[in-house]
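A.B. asks: So that we are looking at the same thing, I have put the structure below in structure tokens.
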């Protein structure tokens, strides 16, 4: 166990896993309570488009994927606000556009990109120093916005009209949440993989929702589950030599079903 | 259409010199091409208890939303305590929404909902002083025993009291209630009106209540606004709620008679 921690790539993966576990489950409570699970999936696929563009351009894919995904998040919000279409319809449109672009970008690259698989399924080995700094910066933003925005987002989640009647800038706050969510999805790509990021956002928060009596407890519980299952899943994926993202999601799912049983026992 | 709004204010003893609590002038609200409310004009003095009546789709909730600043008037003016809505402090307004708007999946206790009235955002851990304030006002509405109860486990009448406590905890100057009797039995509704009257006797607060309940309009209100998309009548109950005006608002007089017996119009 200790020797695992002495491996530099494993140290990087663990730090990234803890940060991503914290970020995804923290924003996940708003995603779950606002019934935006599909938005998580949509943003992850937008990140695929961005990463493919980065690979095509031959630059660091994440630096392209961050602005690309943020733009898609803003576009989803904008279309939803302008057209009166249901939120999941706007997500569905951009989801498809981003994946289609990603496929075209990878095709245009015209060479085998092994990297692409690391992005699709996540890989401990893929986490590099620069990724850590980016992830740490995003986690810093989450901590910096928590004292002001947690209460505002939660209030608007509970009842938009009450929050608006109390003069909270609900629409502007929503844009900020979308942008932070988009950035979180992108930095989670290397650890979790594009395909499973939505689960990362949803499962810890849903588990906490089963057991928490208050929204504060739900938030703290989700973060604890997110961080704990990331560490456990990464270590397990190293020993079993299987993809890290999938292993973490399986650990989360195990915690979720344990939570369901605990709730049945309690009720 | 504007009916005897001046007469009320110019009666002997009426407070013509003090600033009106609510002043509405030719208010028109549109949602796209749909005109929800048109040509509404009235004034009520501080301490008034105004009920707003009319069939479904008459613009009753829209009027409340305009007063809360949730919808922007297409035409006309709306002033609360002499100021345009945007310039009033949200702390002066207590909004008691329809209980059917509650998201019952949101993990929260009654006390936290009351605290949103103080903090104007979702509360994390309450400070001892805030807690005391919230418990005191919950006690005043006869709901102290509900403080730690999950919101999802409250009956309609209990929830209504908690929402009312949420409004009263900020010591408002104006209380806006949207169909508070809907989903509550007759005894519960009567208790609610008694609470409002007692609170009004203790504090010089103005009340505006959207309702389908003719009884409360007749027996508790100082003023009645009858809407049917446009303003049908405004004045003291006996003058505003004549058979002719009710027929004009509700179409068939049978509906009005049903309401006088305590029924609800299906218009």
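Residue numbers (this note's numbering), protein chains in the order written: chain A, 13 to 279; chain B, 1072 to 1338.
C-beta: ideal position from N, C-alpha, C; glycine also.
Note that this is a predicted model, so its numbers are computed, not measured.
#1: Could you tell me which chain B residues have their CB closer than 8 Å to the CB of residue 226(A), listed as they occur along the chain?
#2: Strictly below 7 Å CB to CB, what residues from chain B border residue 185(A)?
#3: Which residues, in order along the region 1157-1176 of chain B, keep a beta-carbon less than 8 Å from a beta-carbon of chain A?
#4: Going along chain B in order, which residues have a C-beta closer than 7 Å to the C-beta of residue 309(A)?
#5: Within 10 Å of its beta-carbon, does residue 114(A) have 16 or more other beta-carbons around it, so buried, or fewer, so exposed?
#6: Could you give the first and the last residue of the continuous beta strand (DSSP E) run that contains residue 1172(B)?
#7: Please tell me whether residue 3(A) and residue 79(A) are closer than 8 Å, where the distance is taken between their beta carbons.
#8: Whose Cβ in chain B lies nearer than 7 Å to the Cβ of residue 264(A)?
#9: What are the residues that DSSP puts in a beta bridge with residue 1154(B)?
#10: In this structure, how does DSSP classify residue 1142(B) when only helix, strand and coil are distinguished?
#11: Is the Cβ of residue 1190(B) closer than 8 Å to any Cβ of chain D?
#12: Would you kindly check if the distance between the Cβ of residue 1108(B) and the Cβ of residue 1141(B) is under 8 Å?
#13: Whole angstroms is fine: what's the gap from residue 1159(B)'s alpha carbon to residue 1189(B)'s?
#14: Quick test of your reading: residue 66(A) and residue 75(A), contact by CB under 8 Å. State the CB separation rounded to the nearest angstrom.
#15: From residue 1163(B) to residue 177(A), what distance separates their C-alpha atoms?
#16: Name the residues in the region 227-245 of chain A whose C-beta lies less than 9 Å from a C-beta of chain B; which are they?
#17: List, in order along the chain, the chain B residues whose C-beta lies closer than 8 Å to that of residue 163(A)?
#18: Which word fits residue 112(A), buried or exposed, when buried means at least 16 other C-beta atoms lie within 10 angstroms of its C-beta?
#19: Closer than 9 Å, Cβ to Cβ, to anything on chain A: give me those residues from the region 1130-1143 of chain B, in chain order.
#20: Apply the 10 Å Cβ neighbour rule to residue 122(A) and answer buried if 16 or more other Cβ atoms are within range, or exposed otherwise.
#21: Any idea if residue 1193(B) is buried or exposed, counting beta-carbon neighbours within 10 angstroms, 16 or more meaning buried?
#22: Run the CB neighbour count on residue 92(A), radius 10 Å, all protein chains shown included, and call it buried at 16 or more, exposed below.
#23: Residue ranges of each alpha helix (DSSP H) run of no fewer than 4 residues wholly in the region 143-181 of chain A, ordered along the chain?
#24: Using a C-beta to C-beta distance shorter than 8 Å, which residues of chain B count as neighbours of residue 167(A)?
#25: Within its chain, find whatever has a CB closer than 7 Å to the CB of residue 267(A); leave out the 5 residues flanking it on each side and keep chain order.
#26: Measuring CB to CB, does residue 1184(B) end up less than 8 Å from residue 1222(B)?
#27: What residue range does the beta strand (DSSP E) around residue 1097(B) cover?
#28: Give every residue of the same chain whose Cβ lies closer than 7 Å to the Cβ of residue 185(A), excluding the five residues on either side of it in the sequence, and list them in chain order.
#29: Roughly how many whole angstroms lie between the Cα atoms of residue 1246(B) and residue 1151(B)?
#30: Helix, strand or coil for residue 1090(B) per DSSP?
#31: Output the residue ranges of the alpha helix (DSSP H) runs that lie fully inside the region 38-87 of chain A and measure 4 residues or longer, sorted by chain position.
#32: Could you tell me how far apart the beta carbons of residue 206(A) and residue 120(A) are, in whole angstroms, since I believe they sit closer than 8 Å?
#33: Going straight from the alpha carbon of residue 265(A) to that of residue 49(A), what length do you get?
#34: Quick one, are the C-beta atoms of residue 1161(B) and residue 1191(B) less than 8 Å apart?
#35: Name the residue from 147(A), 243(A), 262(A), 211(A) whose alpha carbon lies nearest to the alpha carbon of residue 281(A).
#36: Would residue 1251(B) pass as an interface residue toward chain A - the criterion being a Cβ-Cβ separation below 8 Å?
C.D. replies: If we stick to the structure as given:
#1: 1178, 1179, 1180, 1183
#2: By Cβ distance, chain B contributes nothing, its closest Cβ being about 10 Å from residue 185(A), past 7 Å.
#3: 1161, 1164, 1166, 1168, 1172, 1173, 1174, 1176
#4: The question about residue 309(A) has no answer, for chain A in this structure spans 13 to 279.
#5: buried
#6: Unbroken run through residue 1172(B): none, as it is neither H nor E.
#7: Residue numbering for chain A in the displayed model covers 13 to 279; residue 3(A) lies beyond these limits and cannot be assessed.
#8: Residues of chain B passing the Cβ test: none, with the nearest at roughly 19 Å.
#9: 1151(B)
#10: coil
#11: In the structure shown, chain D cannot be found, because the protein chains are A and B.
#12: no
#13: 16 Å
#14: 7 Å
#15: 11 Å
#16: 227, 228, 229, 230, 231
#17: 1190, 1192, 1193, 1194, 1195
#18: exposed
#19: 1136, 1139, 1140, 1141
#20: exposed
#21: buried
#22: buried
#23: 172-177
#24: 1187, 1191, 1192, 1193
#25: 219, 237, 241
#26: yes
#27: 1093-1102
#28: 161, 164, 165, 168
#29: 12 Å
#30: coil
#31: 49-69
#32: The Cβ separation is near 19 Å, so there is no contact.
#33: 16 Å
#34: yes
#35: Coverage of chain A is limited to positions 13 through 279, which leaves residue 281(A) absent and any answer about it impossible.
#36: no
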